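Below is one structure; the comments refer to it alone.
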Amino acid sequence: MLRDITLGQYYPGTSVIHRLDPRLKIVGTFIFLISLFLVRNFIGFGIAVGFLALQIAISRVPLSFIFKGLKPVFLIILFTVVVNMFMTRGEPILQWWIISLTKEGLYRAGFMGLRLVLLIIGSSLLTLTTKPISLTDGIEKLLSPFRGVGLPAHELAMMMTIALRFIPTLLEEADKIMKAQMARGADFESGNLLQRAKSLIPLLVPLFISAFRIAQDLAMAMEARCYRGGDARTRMHAMTFSWRDAVAAICLVAFVAVIVVQSHVL
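Each residue of the sequence shown is one higher than the last, beginning at 4 in my numbering.
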């Protein structure tokens, strides 16, 4: 299950989405996520699903890889759906003891569940189609105007990118530790949900030790290469805003305009 987390992973490709300017993809992702909170009905979500499906089709990232990232957060989505389903007041459909299922609850549960799914897939698509180094450069460029007020743009960009980049590494390390402990007789799969959660506690100590070891190795490697942050640092590939970025920006503006108009008209 740990290998199912796709956040922070990069799926190699040469599609138009992969070749877009990372600054545009970062800003576009944030705008897309914000636009999901402007949606007020399922028609708006239908437009958002169509827009996201078009991006996935153009990026040529397999759907199985996209939906695999939903498995680790399935319980969170299910909990959100169940809570909204049975805790929303309205016209009852089923009544048992103090539990009531209402039409409004069903509507709100589907609404919130779909929003969470779109949020997760939209966020994952950014890292799946953007190399970590490009993500770092894009974040740094976007934050560079704030250097005048003392904001360490390069350091912040580097920290965020390293955090995203090492999510798959730490998950792989946790999977190795789990398999090693299972080979020694540890049981992580039997019992109820609480017992299975307690059984994961022995993973924390070796995982923390491994994380500090990886961080130390990375720091030593950067020092050995005389890394000095953003001071007089040049890039092999300069970021340029091309015609395909302009087309993508126009499509994004059109999508947001449709969402805003639709949320106020219907």
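Virtual Cβ for every residue (Gly too), placed ideally from N, Cα, C.
The structure displayed is predicted, hence computed values, not measured ones.
Every unbroken stretch of the alpha helix (DSSP H) spanning 4 or more residues and falling wholly within the segment 111-162 is given here in chain order: 135-146. Each of Ser67, Ser18, Val30 was checked against the Cα of glutamate 143, and the nearest Cα belongs to Val30. Collapsing the DSSP output to three states places glutamine 219 in a helix.
Tyrosine 14 and threonine 172 do not touch by the CB rule: their CB atoms are close to 16 Å apart, not below 8 Å.
Secondary structure of threonine 105 (DSSP, three-state): strand. Distance from the CA atom of alanine 177 to the CA atom of tryptophan 246, rounded to whole angstroms, is 43 Å. Around the C-beta of proline 65, fewer than 16 other C-beta atoms lie within 10 Å, and the residue is accordingly described as exposed. Burial is judged here by how many other beta carbons sit within 10 angstroms of a residue's own beta carbon; asparagine 44 has fewer than 16 and is exposed. DSSP lists Ile102 as the bridge partner or partners of tryptophan 99. Phe89 is the residue among Val120, Leu121, Ile124, Phe89 whose C-alpha sits nearest the C-alpha of glutamate 107.
Taking a contact to require three or more Cβ pairs closer than 8 Å, the segment 73-84 and the segment 55-65 do not qualify as touching. By the neighbour-count criterion, in which a residue is buried when 16 or more other Cβ atoms sit within 10 angstroms of its Cβ, arginine 187 is exposed. In the structure shown, phenylalanine 54 falls within a helical segment according to DSSP collapsed to helix, strand and coil.
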